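Taking it in order: structure first as structure tokens, then the write-up.
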Amino acid sequence: MDIETIPGVGEKTAAALSELDDPERALRDGDVAALGRAPGISDGRAARIARAAIRREHGDPGGFAATPRAQEIYRDALDLVGDHAVTRYAERRLETFYPSPSRSRVEEAREFAARAMEREPDDEIRGALAGVEPLEAPPSVRVRDRCLATTDAETYARAQEALPEVSVEIVDDARGLADLARGYATVVALDDAFTGVEVEGDVRVEPDALEDPATVVPERTLAFFAHNRDRLRAAVEVHRVADLDPPCDLDELADALARIDDDGNVADDDRLRQLQTAVDDLDAAVSTAESVANDRLREAIEERDVTIEGADLLSLVEQGAGVDSLLQRELADEYAEAVDDARDHLVDALGLDDYADIARRAFPDQPTFPVERDEEVVSRLREELTTARDRRATRLKREVATDLADARADAEALAEAALELDVELAIARFAREYDATLPEIGGEGIAIEGGRSPLLDVAYEEVDPVDYEVEGVALLTGVNSGGKTSVLDLVALTVTLAHMGLPVPADSARVEHVEELHYHAKTQGTLDAGAFESTLREFGSLVDDIRSGDGGDVVVLVDELESITEPGASAKIMAGILEAFDATDATAVFVTHLAREIQDAARTELAVDGIEAEGLVDGELKVDRSPVKDVLARSTPELIVEKLADERDGFYVELLEKFE
1 MDIETIPGVG
11 EKTAAALSEL
21 DDPERALRDG
31 DVAALGRAPG
41 ISDGRAARIA
51 RAAIRREHGD
61 PGGFAATPRA
71 QEIYRDALDL
81 VGDHAVTRYA
91 ERRLETFYPS
101 PSRSRVEEAR
111 EFAARAMERE
121 PDDEIRGALA
131 GVEPLEAPPS
141 VRVRDRCLAT
151 TDAETYARAQ
161 EALPEVSVEI
171 VDDARGLADL
181 ARGYATVVAL
191 DDAFTGVEVE
201 GDVRVEPDAL
211 EDPATVVPER
221 TLAFFAHNRD
231 RLRAAVEVHR
241 VADLDPPCDL
251 DELADALARI
261 DDDGNVADDD
271 RLRQLQTAVD
281 DLDAAVSTAE
291 SVANDRLREA
301 IEERDVTIEG
311 ADLLSLVEQG
321 AGVDSLLQRE
331 LADEYAEAVD
341 DARDHLVDAL
351 GLDDYADIAR
361 RAFPDQPTFP
371 VERDEEVVSR
381 LREELTTARD
391 RRATRLKREV
401 ATDLADARAD
411 AEALAEAALE
421 LDVELAIARF
431 AREYDATLPE
441 IGGEGIAIEG
451 GRSPLLDVAY
461 EEVDPVDYEV
471 EGVALLTGVN
481 SGGKTSVLDL
491 VALTVTLAHM
501 GLPVPADSAR
511 VEHVEELHYH
521 AKTQGTLDAG
531 AFESTLREFG
541 SLVDDIRSGD
551 GGDVVVLVDE
561 LESITEPGAS
571 AKIMAGILEA
581 FDATDATAVF
591 VTHLAREIQD
601 AARTELAVDG
611 IEAEGLVDGE
621 LKVDRSPVKD
631 VLARSTPELI
641 VEKLADERDG
651 FYVELLEKFE
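In UniProt numbering, the protein residues as written are 1 to 660.
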């Protein structure tokens, strides 16, 4: 697939999509999650690209929802289904379902919906889905405790490109390696020539390191899993509670995720934890040890009476001796005990027996007051602890990264399967909430049994079911507030959902396959001359397209077109439009209060369907919401006059005769 041939995809977007592992599959399957991983592609943009790719695949020119009101119905349909999604991904993925004139696309979507409707959604799955999101690329990683070394400029360039996370250095010989080893916890030599060279420090010769990045920079692998750890854990839980067939061993993945923290560090190793704590607490531990020694020594001095003969004092002064010499002469044992206390405290604080010897050397035997650390020893201890920590961390990271190195594709598939499940369950929940069923596609016209519109501002269970069938052209009549517009909305929603490949809110339905839906909502007030002319041109163009064959099969729904101008002229105009539609294969329903006038003005017989009001009960209309074929429904004024005529004779009886 040539990505740039997709409508709306330019050179820059195509380049971003090309960075995906398999962009063609993602485009073909409408995989919004995968498309959203391309650089600079938001999830909303990914949905639009996926929709455009699907249209291109099925030769779909678009434009099914041909009027603003038809487009509103499509958005309403999307909202009705999307409201049942848990994840934002599912909401975006559902946007790849759209009303299509392409038979192959409708059938493809119907197959997906049929599978989805077999799903059994429950609260446990819904709860697990709440934590699932598309996996993301982690922030860039920079590793400072190791470097790569080579003598070759070409290898140097390849290493910089392959492993940008670490420093790459050019060295001339083993001495250069030794210099690097003093500055890094680990040095990886890329040249065979260094095999067998002995250098102090952690220097490894790995000529194939560039082919296996996880062994050199395990942080790259771990960063991905750490960044997406919560998402993956949620996806694992979804697979478990929904009993999905996973692409990998769920327990092994969960165990590996448990070994790393949010920063990509190994989190389950006691020795590493001890080393890290020792490094973090070293300065505090040394300071506390100093205080322990000084407190004890100060206490010993305060408790001792030291007497120095004048000759001895003079001798000490002449020799340039100070307090240290006095301590060595008079308080040697007490000083030794105080220093031992300091050493014991430091060793205990570090909790690392194998570093006890060097820790003890942090406090010298030579008496001083106050007792002071040997900064050189402490610095060396810090360096050894830090190096040991970094080396162990790297080794452990390599072990975990090795386990996860080949799991990224499976992890992505795991998350995507969970997200796709949410798409299916959204359709299943929609179908259950509205008792929806997949309609039959084909035949002529539209037939709905037990349809209830979820677009009404009442609880769905309170909506009266409607049966309605129309083939060809029909006038739809009825009393005010009898439900004529609701029937139009139900027909429009049914046609739209059917061409999206989704179930419709009805006990059963059959929908003719058409290429466009034209739905003209009721105009608020009489149009001015310019708007009136524009409306006539719109209908004229539509009629011309249908007659010429350019427009294909269409459904036309019009709500009280007579409001565009004066009633007398409206009836004639509507009669002409309906005559033109009647001479084609179009399916059209016109809601009107001018049915008699339109029939009188028409040169052909027009079908009339009526939503019958059974009468007035306590001032309220009692209505059968299902249109009745070949019935010109009575108006509200006629019903009121009829009621008055039943109650008394005379004027009201004469007035009622005017309606006959």
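From the three backbone atoms N, C-alpha and C, an ideal C-beta is built for every residue, glycine too.
Please read all numbers here as calculations on a predicted model, not as lab measurements.
Counting along the chain, D29 sits inside the alpha helix (DSSP H) bounded by residues 23-29.
An exposed status is given to S481, since fewer than 16 other beta-carbon atoms sit within 10 Å of its beta-carbon.
Cβ neighbours of E560 within its own chain (closer than 8 Å, five residues either side excluded): K522, T523, V591, T592, H593. Contact check for D467 against E512 fails: the beta carbons are separated by 8 Å or more.
S508 sits in a strand when the DSSP states are folded into three classes. Looking from the CA of P505, the closest CA among S563, E133, R452 belongs to R452. Taking a 10 Å sphere around the C-beta of S541, we find fewer than 16 other C-beta atoms and assign the residue as exposed. Nearest in C-alpha terms to R204, of all of T96, R220, A223, Y184, is Y184.
When the five nearest sequence neighbours on each side are left out, the beta carbons in the same chain lying within less than 7 Å of the beta carbon of Q160 are those of V168, in order along the chain.
L455 sits close to D76, with the two beta carbons spaced by under 8 Å. One thing to note: H518 has its Cβ no nearer than 8 Å to the Cβ of F64.
Counted as a single uninterrupted DSSP element, the stretch harbouring L163 is not any beta strand (DSSP E), since DSSP gives it neither H nor E.
Taking C-beta atoms as the reference points, A293 and F194 fail to come closer than 8 Å. The residues L404, in chain order, have a CB closer than 6 Å to that of F225 in the same chain once the five nearest residues on each side in sequence are set aside. Residue environment for G610: buried (at least 16 other C-beta atoms within 10 angstroms of its C-beta).
Collapsing the DSSP output to three states places D422 in a helix. Between the C-alpha atoms of V171 and A149 there is a straight-line separation of about 6 Å.
Comparing C-alpha distances from L381 to each of I358, V86, P218 shows the shortest one belongs to I358.
Around the beta carbon of E120, fewer than 16 other beta carbons lie within 10 angstroms, which makes this residue exposed. Of the other Cβ atoms in all chains shown, fewer than 16 fall within 10 Å of the Cβ of F651; this residue is therefore exposed. Approximately 11 Å separates the beta-carbon atoms of G472 and T604; this is outside 8 Å, ruling out the contact. With contacts defined by Cβ atoms closer than 8 Å, R158 and L210 form a contacting pair.
Judged by DSSP secondary structure, R596 falls within the alpha helix (DSSP H) whose first and last residues are 595-601. Excluding residues up to 5 positions away in sequence, E562, L594, E597, I598, D600, A601 lie with their Cβ nearer than 8 Å to the Cβ of A571 in the same chain. Collapsing the DSSP output to three states places F590 in a strand. Judged by DSSP secondary structure, G127 falls within the alpha helix (DSSP H) whose first and last residues are 123-129. Per DSSP, I301 is one residue of the alpha helix (DSSP H) stretching across 270-303.
V556 is classed as buried because its beta carbon has at least 16 other beta carbons within 10 Å across all chains shown. By the neighbour-count criterion, in which 16 or more other beta carbons inside 10 Å mark a residue as buried, E237 falls on the buried side. In the three-state DSSP reduction, K629 falls in the strand class (E or B). In the assembly as shown, G568 is an exposed residue. Its beta-carbon has fewer than 16 other beta-carbons within 10 Å. Beta-bridge pairing by DSSP links R146 to T186. In the DSSP assignment, R204 forms a beta bridge with V188. Under the three-state reduction of DSSP output, I73 falls in the helix class. A check of alpha carbon separations from V378 across V400, H84, D281, D212 identifies D281 as the nearest. Nearest C-alpha to D122 among P99, R92, A258, D422: D422.
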